[in-house]
Amino acid sequence: MKALPDKQCASDPLPTWLLNKCVGGISPFLCQLFNWSLEHGSVPLSFKCAYITPLLKKADLDPADVKSYRPISNLFVVSKLLERLVSSQFVKYLKDNDLLPDLQSAYRAMHSTETAALKVLADILLALDSGDLAMLTLDLSAAFDSVDHDTLLKRLQKSYGLGGHVLNWFASYLCGRVQHVRT
């Protein structure tokens with residue numbers, strides 16, 4: 352395991368620096384914990400607790416205005432490790448089974464929001480060059496927050512073939528999440 356960045360939730364019971372220092376001794380226990388979570392299709396409640404810290408977007412903004420802040424969400428480092436593990440396994444499953452759409456930019460090497468924007472721009476320019484009209488309207492505000500969990504779980508099952516403990520794990524991951532705001 353490579354060293355984790357020294358960013359962490361202030362109330363994390365296992366600070367990143369300590370995990371990095373003791374990784375050899377603690378990794379068998381984390382492996383057992385993560386395997387238990389995956390085998391039982393259940394995410395521990397403490398892994399679903401985020402601490403939100405509001406930070407000023409820019410120093411010159413009005414600190415009395417709520418809109419001047421952006422929320423920084425922190426999870427415990429062990430929770431983030433489990434998320435990374437599941438993410439890497441899920442992306443591998445999607446790649447191995449050719450389930451990623453060709454234009455999917457996230458979770459793919461050599462793809463990013465920049466390559467997605469370049470593709471959209473190229474399509475618009477091609478349309479204009481051939482004499483067609485082109486119009487683009489985007490509203491990505493709170494896109495992730497507006498995902499319906501039941502629809503997502505049904506899509507994971509029907510379109511991507513997930514079921515059993517795997518689907519239960521995703522359902523457990525999505526439900527019962529808690530946030531605490533720090534000021």
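Per the working numbering, the sequence shown runs over residues 352 to 534. Glycine included, C-beta positions come from ideal geometry on N, C-alpha and C.
Cα atoms of Glu-390 and His-500: separation of roughly 21 angstroms, rounded to the nearest angstrom. When secondary structure is reduced to three states using DSSP, His-531 falls in the strand class. Judged by beta-carbon spacing, Phe-427 lies within the 9 angstroms limit of Pro-364, meaning their Cβ atoms are closer than that value. The C-beta distance from Tyr-511 to Val-394 rounds to 19 angstroms, too long to fall under 8 angstroms, and the pair is not in contact. Between Thr-404 and Arg-528 a beta carbon distance of about 17 angstroms is seen, past the 8 angstroms cut, so the two are scored as non-contacting. Within 10 angstroms of the beta-carbon of Ser-388 lie 16 or more other beta-carbons, which makes it buried.
The residue among Ala-467, Gln-440 and Gly-392 with its C-alpha nearest the C-alpha of Leu-518 is Gly-392. In this structure, the CA atom of Val-471 is about 19 angstroms from the CA atom of Tyr-458. In the DSSP assignment, Tyr-458 falls outside any beta strand (DSSP E) and carries neither an H nor an E.
For Pro-379, the enclosing alpha helix (DSSP H) begins and ends at 374-391. If you look at Asn-425, you'll find it in the beta strand (DSSP E) that goes 420-425. One Cα belongs to Asp-480, the other to Thr-488, and the distance between them is close to 20 angstroms.
Between Ala-485 and Ile-475, the CB-CB gap stays under 9 angstroms.
Where Ala-410 is concerned, there is no enclosing alpha helix (DSSP H), because DSSP gives it neither an H nor an E. Annotation: the continuous alpha helix (DSSP H) that includes Val-442 extends over 428-447. The beta-carbon distance between Leu-436 and Phe-385, rounded to whole angstroms, is 6 angstroms. This is short enough to meet the 8 angstroms contact definition. Comparing alpha carbon positions, the residue from Asn-425, Asn-371, Gln-508 and Leu-469 closest to Tyr-402 is Asn-425.
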